[in-house]
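Reading through the structure tokens given below for one structure.
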Amino acid sequence: MKFQRIKGTRDIYGKEYEILMEFYQRAKKTMDKFGYSFIITPTFEDVNLFIHSTGETTDIVEKEMYVFEDKGGRKVALRPEGTPSVLRAILENDIEIPCKVAYFANMFRHEKPQKGRFREFYQLGVEYIGYIDPLVDFEMFLIIRELMDIFEVKNYYFEVNSMGCIDDRKRYKEELKNYLSEKLEVLCNDCKRRFQRNPLRILDCKIDAEKIKDFPRITEFLCDGCAEHFEKLKMYLNKNNIKFSINPKLVRGIDYYTKTVFEVKSGRLGAQDALGGGGRYDGLMKIIGGPDTPACGFAMGMERIMLASEYKLPYEKDLIFIVYTSPELKEKAYNLYLFLTKETLKCDIVLDTKSLKSQMRRANKKGAKYVVILGEEEEKMGGYKIKDMEKGEEKFIKKENLPDYFKNI
RNA sequence: GUGGGCGUAGCUCAACUGGCAGAGCGCCAGACUGUGGCUCUGGUGGUUGGGGGUUCAAGUCCCCUCGCCCACCCCA
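Residues 694 to 1102 (our numbering) are what the first sequence spells out, left to right.
This is the structure in structure tokens:
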């Protein structure tokens, strides 16, 4: 019986694993600098958490969630995004607000896989909870700029829009519906369906883009407070030389956003060009039963980051390979291997009895810098032969001098 | 969920209108009597994704199914 992984999932190993972990380390360091603390929340939650926060009419909840019933009859969902869980955790653990939280975790969405899109994927998420100040929104851009830097992503760009507050959006929705009702007949079937359920989504439609060119801009329907918030953000961005363009069609697929929304995009990705996205969600905390608390955040897709990144793993040749000339010496060789690992040196050894030649071949293939040779002759002389694989030189060394020999490689 | 492309050795791919499943790389070994890379020589390697059908004969044609890639939808 042979098995294969579930569609849209991946095995991450070898170089890709090393890169992902390196990126995690770097992100951790950056988030530490900005004063964020990391959090791990459960992989699955009560399905209602997402229904109420992400939004009942969103594609994510409507058709992309992995939902199942556990043995206790609870309806459970694999998390499709991180923000609801983080807010839930803050409330449940009475974490003091304001707070700054980050996470690095796998997310699950039942979509058809394509370039840069998987059913299980990794996100780096950042949430800043507690302030209405547009400086918070601005900080998201600052952090992303720094992350793009350390992930070595070069050609990225920001798109920004404002969704206004709940009231603004209500008024805008009416206005948009008015405008669209005259065009409804010429729109595609998807858009006709969206008209009732979620008219904002029609702005996203590529088929009908031409037909609705002169749609009303939401930024013209913002209340004074939201307009000022947006102006301040733009000012901060300009002052700090963060380039962005305003995309009045950017509405995002999650219901809870208010005021600022944004995406980071890359030209290197194909159709799924968003490296990350986020925005302000001032109403969400209240929706899930907490105090009325403003917040802002974003998430980035690590697989997409890796696609867009120019980062190359450093070429570290520091492996020490142990070889032995006869089966009788195997256990001695293995003890040497154990000894060296205690010295925290990177080493390896083959256990199936093979010719010295074959062991040397293996050492070379694994990229060994040094080979320690255990042989009968060397045994008699109380030491080992060490071969420098780059120079091809060999040197005899006494057993007691071995640790020192590798001290400064 | 909808469309298009594709599944042949570990990898990259050949195999005309149906006619004995192949190459390169890799892997293993020898040339080199305790020593890697380079070179040469030999060897290993397959239920042609799976199932069914048509045929004397199917990698090739037909149907079903699974998977991968790309796009739509939507998003990270």
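Yeah, the Cβ is synthetic: ideal placement off N, Cα and C, and Gly gets one too.
Cβ-Cβ distance between G994 and F814 below 8 Å: The residue labelled residue 994 in the question sits at position 301 within the first sequence. The residue labelled residue 814 in the question sits at position 121 within the first sequence. Contact: yes.
Stretch pair the segment 940-958 + the segment 846-859: three plus CB contacts closer than 8 Å: Contact between the segment 940-958 and the segment 846-859 is present, because at least three Cβ pairs lie under 8 Å.
Start-to-end residues for the beta strand (DSSP E) that takes in R973: Residue numbering aside, residue 973 sits at position 280 when the first sequence is read from its first letter. Counting along the chain, R973 sits inside the beta strand (DSSP E) bounded by residues A967 to R973.
Beta-carbon spacing of G963, K805 below 8 Å: The sequence position of residue 963 within the first sequence is 270, counting from 1. The sequence position of residue 805 within the first sequence is 112, counting from 1. Not closer than 8 Å, so no.
Euclidean distance between Cα positions of G946 and I895: Residue 946 sits at position 253 when you count from the first residue of the first sequence. Residue 895 sits at position 202 when you count from the first residue of the first sequence. Note on geometry: alpha-carbon atoms of G946 and I895 lie some 12 Å from one another.
Anticipated Cβ contact below 8 Å, T747 with D948, distance rounded: In the first sequence, residue 747 corresponds to position 54, counting from 1. In the first sequence, residue 948 corresponds to position 255, counting from 1. Contact flag correct, Cβ pair sits at about 7 Å.
Bounding residues of the alpha helix (DSSP H) (the contiguous stretch that carries E996): Taking the first residue of the first sequence as 1, we reach residue 996 at position 303. From DSSP, the alpha helix (DSSP H) with E996 extends over M995 to A1001.
Check whether G970 and N848 have beta carbons under 8 Å apart: Within the first sequence, the letter at position 277 stands for residue 970. Within the first sequence, the letter at position 155 stands for residue 848. Their beta carbons are not under 8 Å apart, which means G970 does not touch N848 by this criterion.
Spatial distance of I1079 from Y1008 (CA atoms): In the first sequence, counting from the first residue as 1, residue 1079 sits at position 386. In the first sequence, counting from the first residue as 1, residue 1008 sits at position 315. Roughly 22 Å between the two C-alpha positions.
Nearest-angstrom Cα separation, counted from S1048 out to F797: Reading the first sequence from its first residue, position 104 is the one you call residue 797. Reading the first sequence from its first residue, position 355 is the one you call residue 1048. Spanning the two alpha carbons is a distance of roughly 46 Å.
Touching by the beta-carbon criterion (3+ pairs, under 8 Å), the segment 763-772 and the segment 821-841: no
Supposed close pair G1075, K1092 - CB separation, criterion 8 Å: The residue you call residue 1075 lines up with position 382 of the first sequence. The residue you call residue 1092 lines up with position 399 of the first sequence. Their Cβ separation, rounded to whole angstroms, is 6 Å, which keeps G1075 and K1092 in contact under 8 Å.
Identified DSSP bridge partners for R1054: Here the question's residue 1054 lines up with position 361 in the first sequence. Answer by DSSP bridge pairing: none, since R1054 is not bridged.
CB of I1013 within 8 Å of CB of L1067, strictly: Taking the first residue of the first sequence as position 1, residue 1013 is located at position 320. Taking the first residue of the first sequence as position 1, residue 1067 is located at position 374. Cβ atoms of I1013 and L1067: not closer than 8 Å.
Extent of the continuous alpha helix (DSSP H) to which N871 belongs: Here residue 871 refers to the residue found at position 178 of the first sequence. Element bounds for N871: I859 to S874.
Cβ pair count under 8 Å reaching 3, the segment 748-760 against the segment 722-729: no
Inter-stretch contact (C-beta, 8 Å, three-pair minimum) for the segment 867-877 and the segment 979-995: Counting Cβ pairs under 8 Å, fewer than three are found: no touch.
3 or more residues per run - each beta strand (DSSP E) lying fully within the segment 748-791: 760-762 and 768-771
Beta-carbon spacing of I822, I783 below 8 Å: Counting from 1 along the first sequence, the entry for residue 822 is found at position 129. Counting from 1 along the first sequence, the entry for residue 783 is found at position 90. Yes, they are a contact pair.
Proximity of V779 and E820 at Cβ, strictly below 8 Å: As a working mapping, residue 779 is identified with position 86 in the first sequence. As a working mapping, residue 820 is identified with position 127 in the first sequence. Contact: yes.
Ranges of the alpha helix (DSSP H) found wholly within the segment 1058-1089, counting only runs of at least 4: 1069-1073
Proximal residues to N1057 (C-beta, below 7 Å), its chain only, five neighbours per side dropped: Start at 1 with the first residue of the first sequence, and residue 1057 comes out as number 364. Excluding sequence neighbours, N1057 sits near M1082.
Cβ pair L977, V944 closer than 8 Å: By 1-based counting over the first sequence, the position of residue 977 is 284. By 1-based counting over the first sequence, the position of residue 944 is 251. No; because the gap between Cβ atoms is not below 8 Å, this pair is not in contact.
Nonlocal neighbours in the same chain, by C-beta distance under 8 Å from E1003, ignoring five residues either side: In the first sequence, counting from the first residue as 1, residue 1003 sits at position 310. Correct list, in chain order: E845, V846 and K847.
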